[in-house]
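The structure appears right after this line, and notes come after that.
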Amino acid sequence: VRAGSFAADDCRARFASGPHPSRNPDENLADLQAQLAATRHGVAQVGQLARECGGGVGFSLRCEAELDRADRALRRAISGLGKGLRAAHRELDDGSRIAVSVQRIDAAHGTGLRISFAGSSDVHPANFNAPLAVTRAATLYVLRLLIAADVPMNEGLLRAVELDVPAGMLNPTFAADPTMCPPVVA
313 VRAGSFAADD CRARFASGPH PSRNPDENLA DLQAQLAATR HGVAQVGQLA
363 RECGGGVGFS LRCEAELDRA DRALRRAISG LGKGLRAAHR ELDDGSRIAV
413 SVQRIDAAHG TGLRISFAGS SDVHPANFNA PLAVTRAATL YVLRLLIAAD
463 VPMNEGLLRA VELDVPAGML NPTFAADPTM CPPVVA
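Just so you know, we're using this note's numbering here: the sequence shown kicks off at 313 and counts up by one.
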């Protein structure tokens, strides 16, 4: 985006260049435009919320209240779960493994979960790696599904969670040189 306008021609040129040009530049451009539209919508909605709350401290308090509400809702859902350890794993077609274990914990700050992806495969040589942000987002989505109430998706859902994602295909390390980074697509 330059001066508020989407630079489609520049994007198309970049998608067509380099050692691995895009197979479908039109789809890539549509994806970028959808992301921009979603971002603009989010900015407008946050602005509206700030105006409704009077800005400043009121807005900050409202945001904190929403984080607290999500935290409480998840803790209520967790309290209905058994205390045992639940574990699962899936193997991809090439034998790579995604493993997860979930355990309810009772800590000083209240009921929570320990979610561990230990046992998942090392960094994948092809494009089956997920940056930590993607792994966290998928975990957040699953946690939201546990709640039988209308609660917004936000970081409050992770307050009661100890998340363990060892280095590997669900948390690869990225080098400063992009040609040395693991691919992340699938």
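The beta-carbon is built from N, C-alpha and C at its ideal position, and this holds for glycine as well.
These numbers were taken from a predicted model, which means no experiment stands behind them.
query: Does DSSP classify I390 as helix, strand or coil?
result: Sequence index remark: in the sequence shown, residue 390 carries index 78 (1-based). Three-state DSSP puts I390 in a helix.
Next item on the list: Go ahead and pull the three-state DSSP assignment for N439.
Entry: Reading the sequence shown from its first residue, position 127 is the one you call residue 439. In the structure shown, N439 sits in coil (DSSP, three-state: anything other than H, G, I, E or B).
Exercise. For T451, which residues from the same chain have a beta carbon less than 7 Å from its beta carbon, with the 5 sequence-adjacent residues on both sides left out?
Worked result: Here residue 451 refers to the residue found at position 139 of the sequence shown. So the list reads I427, L475, once near-sequence residues are dropped.
Simplified DSSP assignment, three categories, for D396 = By one-based count along the sequence shown, residue 396 stands at place 84. At residue 396 the sequence reads Gly, which differs from the Asp that was named. Three-state result, G396: coil.
State buried or exposed for P331, treating a residue as buried only when at least 16 other CB atoms are found within 10 Å of its CB.
-> As a position in the sequence shown, residue 331 is number 19, starting the count at 1. With fewer than 16 Cβ atoms within 10 Å of its Cβ, P331 is classed as exposed.
Rounded to whole angstroms, what is the Cα-Cα separation between P495 and D434? As a working note, residue 495 is residue 183 in the sequence shown. As a working note, residue 434 is residue 122 in the sequence shown. If you draw a straight line from the Cα of P495 to the Cα of D434, it comes to about 13 Å.
- Message: To the nearest angstrom, how far is the alpha carbon of M465 from that of A382?
- Response: Counted from its first residue, the sequence shown places residue 465 at position 153. Counted from its first residue, the sequence shown places residue 382 at position 70. Straight-line measurement puts the Cα of A382 at about 8 Å from the Cα of M465.
- prompt: Which whole runs of the beta strand (DSSP E) in the region 395-434 are 3 residues long or more, in chain order?
  reply: Fully enclosed beta strand (DSSP E) runs of 3 or longer: 397-403, 409-419, 422-428.
Which residues mark the beginning and the end of the alpha helix (DSSP H) in which L444 is found?
-> Reading the sequence shown from its first residue, position 132 is the one you call residue 444. Counted as a single uninterrupted DSSP element, the alpha helix (DSSP H) harbouring L444 occupies residues 444-458.
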